[in-house]
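See structure below.
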Ligand code: SF4
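In the UniProt record's numbering, the protein residues as written are 1 to 314.
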């Protein structure tokens, strides 16, 4: 697609001159571009032919149009032909691979299906409290198994889990409640800081945009996109955690091997249809928990074993 500036560029005619050559007797043996020898004086007479005027080289002028040129108003192109566009990249077998993963995940019996963020908040709490609990469970979940996060959320909710209740809980008590989630000491600090910001600037609710969410202490892009989806019902981007990052690279769903989840998110969002963005996190997380394990993936039982570039090397 061309930019407005490019579209407005003055059409610059590019003319290509080609030489039209007869493949007559003077043309080289392979009919190539070898120069035809002009008939020598007297040769034509010896052939009994009339002596013609010197052969005038024919010139054929073709006009090529550069992609960003505007077509002439009366040309066929101006009457509806679409400009050429480079085909967008997408992984070769991704539709079949995705269909296989859906089949393998149809039981919905992975830990994420029972204990993921959608199952950690109190559905009967006021909306603002529910959204806060969604964000808190996401903060607890990084580097932590779903079972451990769910246990911590259960203990917190038993005391009434709101912004105010967390701010009234001392650090050591909060630490004891969330232990053994990964990096629990750091998370105590981040949860307190974030809760104070939410109380002061958001009336105890959570922000409504990814930039505001990632500005909170201890909240990363994956958490922000999941919070937007679960708490606000808005798909803002693909939530890429370690499972999605690993599996996308194994399946060849990134144009290049990516080094970090944020690179993977950007690479996936370039080609994956937007209507699938909301589905892909839970689908791949559960697949990574049950089949495409970080170490010793179960390729022998995976429906993608013949379509997966990584299957042979694992
Ligand atoms: S074949 Fe193996 S590496 Fe590839 S998606 Fe399946 S489990 Fe993962």
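All C-beta atoms in this analysis are idealised placements derived from N, C-alpha and C, irrespective of residue type, glycine included.
DSSP three-state label for residue 277, please.
helix
When we look at the beta-carbon of residue 187 and count the other beta-carbons within 10 Å, is it buried (16 or more) or exposed?
buried
Could you tell me how far apart the beta carbons of residue 265 and residue 310 are, in whole angstroms, since I believe they sit closer than 8 Å?
Their Cβ separation, rounded to whole angstroms, is 20 Å, which puts residue 265 and residue 310 out of contact at 8 Å.
Please list, in chain order, all residues of the same chain as residue 235 whose beta carbon is under 6 Å from its beta carbon, the five residues on each side excluded.
229, 277, 278
Straight-line CA distance for residue 170 to residue 101?
Take the alpha-carbon of residue 170 and the one of residue 101: they are about 45 Å apart.
Measuring CB atoms only, is the stretch 146-159 touching the stretch 109-117, in the sense that at least three cross pairs come out at less than 8 Å?
yes
Residues with a Cβ closer than 7 Å to any heavy atom of the ligand SF4, in chain order?
247, 250, 251, 291, 292, 297, 298, 299, 302, 304, 305, 308, 310, 311, 314
Quick one: Cα of residue 246 to Cα of residue 294, how far?
The alpha-carbon atoms of residue 246 and residue 294 are separated by roughly 8 Å.
Assign residue 222 to buried or exposed, taking buried as 16 or more other Cβ atoms, counted over all protein chains shown, within 10 Å of its Cβ.
buried
For residue 210, tell me which candidate among 189, 178, 195, 239 has the shortest Cα-Cα distance.
Of the candidates 189, 178, 195, 239, the one whose C-alpha sits nearest the C-alpha of residue 210 is 239.
Can you list, in chain order, the residues of its chain whose CB lies under 8 Å from that of residue 269, leaving out five sequence neighbours each side?
237, 238, 277
In chain order, which continuous runs of the alpha helix (DSSP H) of length 4 or greater are located wholly inside the stretch 132-191?
146-157, 163-167, 171-178
Which whole-angstrom value describes the C-beta separation of residue 284 and residue 244, a residue pair presumed to lie in contact below a C-beta threshold of 8 Å?
5 Å
What's the C-alpha gap between residue 297 and residue 275?
28 Å
Measure the Cβ-Cβ separation of residue 139 and residue 233 and say whether it is below 8 Å.
no
Contact defined as beta carbons within less than 8 Å: I believe residue 132 pairs with residue 216. What is the distance between those atoms, to the nearest angstrom?
Contact flag wrong, Cβ pair sits at about 12 Å.
Would residue 162 be called buried (16 or more neighbouring beta carbons within 10 Å of its own) or exposed?
With 16 or more other Cβ atoms inside 10 Å of its own Cβ, residue 162 counts as buried.
In the structure shown, what three-state DSSP assignment does residue 101 receive?
helix
Whole angstroms is fine: what's the gap from residue 225's alpha carbon to residue 305's?
30 Å
Quick test of your reading: residue 157 and residue 122, contact by CB under 8 Å. State the CB separation rounded to the nearest angstrom.
Yes, they are in contact, since the Cβ atoms of residue 157 and residue 122 sit about 6 Å apart, within 8 Å.
Could you spell out the range, first to last residue, of the alpha helix (DSSP H) harbouring residue 249?
Bounds of the alpha helix (DSSP H) holding residue 249 are 242-251.
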